[in-house]
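Chains as they are written, first to last, in my numbering: chain A, 454 to 617; chain B, -1 to 288; chain C, 3 to 777; chain D, 404 to 602. Glycine included, C-beta positions come from ideal geometry on N, C-alpha and C. Only one structure is covered here, and it is reproduced in the block below.
This is how it looks when you write it as structure tokens:
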């Protein structure tokens, strides 16, 4: 008796209407219903952060949200960041600072750092590391990600654009 | 690790929520989901019915009434963390919130969810216990006020009947400029606390300790007050030695034993966390609660 | 300007940063089904019955496969992948458990349904009747007479026993001025890449072709295991490793689930996808758990090593999924970068009723280095010498290279350190860390009541393990360059590395080279990505293949342009006469010609096609090395250890891309910090795993690690044309040793002796209390 | 997990033994347990419900005397149960031994409980599983003692009408009973209301 419900939400700025099983998580809805496979599942118990997306502009674990809960809300995923191919300063900073290796945790890192830079335009390294403590990376040792965040913060403040 | 099947209900009001609670079989409230959803994905918790109360607006208000903060159960932890009202009137709550999980979980996690889930290592119960807060529960049968001291009924078992929901919490505010300290020991930033201390204290005109309230988390099923410590402090001139001896009473807490640490170690931590939280609270009291 | 050696931004990044990468679970094949696995709840039990009726009756469920339902060929146990004569009982896992289970999490049944949710609901209704048997829960207990036996058919739990060594150890110990002994327990835990194991099998009956997408580190090995068990022709089994979310060793081996879903896809005639979840990863994916050392060192009055000997016990788990490689590497790594005139190590591999252990980043070397560095720290303490000085007195000197250690490595070749300046490497690390000035900093901190300490550790790592890793490079008629290899990448930046090497040889920019890795159709044979071996093996193969194409294009262009080969040069995708750039042919034109022009015979000496596949086969392993310095603070009230600074000096021969090498070292160090302080896979006495989530198995977070300060040396190896060595695991190897040394230093004058990792706060508090009591 | 428990009763071993081996009578003493079928003199089927905070577990399985010595008054009861939602199983060997103690009897119960599967794998709840199990064994022992004493008094009153087993009413799960050292300060009435609350 997979109970279903129709929902309408905004995903990366576009309105989406679907009928979904009530128990379908938001992560699986994005990945398999909408085939937005940029959001990844690393643990499904709310710790690793690979599934982090922006819900009404604030980071959230999409593995701990039911898709039906986002009815009427807005969801932003990694696919919505670059506008048709032009990388954001944060994405460019990841390239310049080797902020990714396998890329599996990267979408979650980008979501977290997007909210960080919206909240604290001039974060210290310690603040960056505290915000990143909710996103686990096994490849980079966090070094490149922290450097990328600090680099992107400068660029967004117009001090020295990343990749200059 | 996919959630098991359940029926989904999305009340728009408290009365509608109470109806569901009274009529549905094996219902579970879904608030922030940061504790319930992991247990459902692990299939440890498999409720027949989910009542999603994220649209019950009246449960997320935060206001000051008669020298106390009345916080709706659905208030998000992150919103409370950023609230000026909480910072001014209940700074201990603000300080403790910085230790709750991570920003991404605090954006969704609620104060009511943390109290109803009642993980032995949760920070909110200790803060409320230190404030002698009152919890307000409601069911179709009526409402009930529960003192924080009676809230924990066992391992992750709050004082709620199956048809009741926690609707709000009233936290009596301490006087302007009071000292507050929250220190916990967690292996990594944002991890479960192995022991944590929440301290409130006020100084009299002569700089002596007028009143102190000390509550611990992570050392028993629910939060634990330390009356002996509080007694040892009141009327005394604060000093490292005083705090050392007063904090020593914390070693009498039961402690929790699991694969990660022994009871003895958690008791030792309880003493150290109490001492450090007292020091933090004293500094702030002497600086006028800055 | 050469592309080799420059920090080229990675070609892989754009797709991964925009969420357009293709990991296995991102692939949506039409009418694909999803699988869930019913796993053993007992560590050791007989299976007396499986009732899947209720599961099969559930809407949306297509099949439940048990051992009995598998094709005959897949009913046998999986092949022993790395045999060794010392193995007493070459037991490997069945695809689905037959009559008994030997670890919690062992696959018993495969449920296939419309989606994963339904598959898990159905898995709940597959009832397995178990008859519990005593379980071997602790690897040291398992050796005691009368202990529970992990395999009912055996009388004891000894998986393997062998001894390695050389020289006159007995005499050396008898005559030595000092002999110091240590007993050390080490836990390493698991790889825990962020992406669990994922696989998708699809069978096309009309061509009798099976395609398996899997995030395996060894596509060819998975293909060959399937063909070896089923007799299927290897050109009808295609394995593709798409984008992969990290490997770290646990995705090297072919796993039972790979074969189970292949059988299901063939039986059902529909693609079957299995995505292992994190709880399953904790119980059914290979780990590298426990080792116990009982070792002693003989030194002269000045602290110079005369001999080292001892015994090592290694927890193999219930099956030998990768032979006894890990303990073998440990035993042959222990002498490290030091002159050890006589050495003997007795190794015992032990069966326990736990999931198999196989190499995880470092592959037994972190444990061996920990043992050796602990012995040297002991010598320093006993002879009141500075730990760095004890190392200086024992390093293999630079002028002794190539240095024959006296041991034989697992590839059968003698252990010979090919190149490296170990003393200089330590000096670079000590200088960057401000080692000499540390004593003042320590004294100043002590006055503030703070306990800070410093420690160093050095290591040598066998990398570029043979036998080969092939690369094929082809120039297409459109002029673009495509390189293919069997080596799959898990984030190391292979695409960029190969492109830099090939670009240098063909005079193009790296982004002109398309690299397709991890596909068995790319090259006929392949080994896999592990043991820091790809750059050192496949790098030279790419170099040779591109070089052969360069020569061939020059030969063809010389023919077409009627010019002498020596007058020709390459740049920007063209071959042209030096000084007369407009007289030339584009790569595309040369390719069109090489592919055969009807009516024009091939010029003599020129074979058809413009492609080359090279298999560089190294004579033996090449040895990278490094020295680390850790600075820590110990909170003596709680036992917490915080890492204040971490410095590395690293030598992996010629560096292809410095940015990517720094990334490998930094990631490796943080993995090492996890092993030193946080990661511990716990089991109860009945071998039930009890830390099966990320809230209890603690991976290091951004807040638990400082910036990793790096300095590099480049001592090329003579063993391959590029002089490259491996860099994937060096960061992990000495980390625990350096951190533990720093913790002990922070607690002087207390005489705290740490003999176990990870160092938990509670254990450290107990050691401090014992040391204070002993004063 | 080994759990030991013992108590004394002012009754001769033989009489205490008679109550002890009457599984039908003693089964309700296990909190949350219910007997569902008597297979034979030695083997019984039943269920047991346990609540650990938000986690509800329901085991169904079999209990049988694998050893029994009516002269030495020793017996081993082997219990094996599978959790209803296939989340693991519980196996327990319960060793009973009666020894004369003056004119009464010392009853000792040694329980070796082993959980298996997901329910045994949450490290953070190990401590509480141990204390809930210990609490349940304590309650079982206390109830067993009551039964032995009731049997003694009813013997004296009227030998024929053995105490009828409690009417089969829906069994509430033994909830995650508070294990705080001060647990006993909880009022018994609230405890009973909790136990019979709607499951």
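8 Å contact criterion, which residue i and residue j should meet: CB distance rounded
i	j	result
residue 334/C	residue 409/C	5 Å
residue 448/C	residue 330/C	Residue 448/C to residue 330/C, Cβ: 44 Å. No contact.
residue 629/C	residue 431/C	4 Å
Alpha-carbon spacing of residue i relative to residue j, whole angstroms
i	j	result
residue 737/C	residue 247/C	24 Å
residue 399/C	residue 323/C	38 Å
residue 6/B	residue 50/B	7 Å
residue 390/C	residue 91/C	43 Å
residue 100/B	residue 435/C	33 Å
residue 154/C	residue 138/C	11 Å
residue 89/B	residue 81/B	10 Å
residue 579/A	residue 545/A	22 Å
residue 478/C	residue 13/C	20 Å
residue 587/A	residue 218/C	27 Å
residue 379/C	residue 386/C	10 Å
residue 590/C	residue 605/C	18 Å
Within 8 Å, strictly: CB atoms of residue i and residue j
i	j	result
residue 299/B	residue 177/B	Outside the modelled stretch of chain B, which goes from -1 to 288, sits residue 299/B, for which no answer is possible.
residue 15/B	residue 123/B	no
residue 109/B	residue 75/B	yes
residue 460/C	residue 363/C	no
residue 185/C	residue 544/C	no
residue 414/D	residue 505/D	no
residue 455/C	residue 634/C	yes
C-beta neighbour in chain B for residue i, strict 8 Å
i	result
residue 640/C	yes
residue 680/C	yes
residue 565/A	yes
residue 699/C	no
residue 775/C	no
residue 505/D	no
residue 493/A	no
residue 485/A	no
residue 693/C	yes
Chain A within 8 Å of residue i, Cβ atoms only
i	result
residue 513/C	no
residue 103/B	yes
residue 42/B	no
8 Å Cβ cutoff, residue i in contact with chain C
i	result
residue 519/D	yes
residue 260/B	yes
residue 459/D	no
residue 576/A	no
residue 267/B	yes
Contact with chain D by residue i, beta-carbon distance below 8 Å
i	result
residue 289/C	no
residue 142/B	no
residue 155/B	yes
Cβ shell of residue i (< 6 Å), same chain only, five flanking positions each side left out
i	result
residue 769/C	754
residue 375/C	459, 739
residue 658/C	6, 499, 502
Contacting residues, own chain, Cβ-Cβ under 7 Å from residue i (five flanking each side not counted)
i	result
residue 764/C	641
Other residues of its chain near residue i: CB distance less than 8 Å, five sequence neighbours each side excluded
i	result
residue 190/B	117, 119, 184, 216
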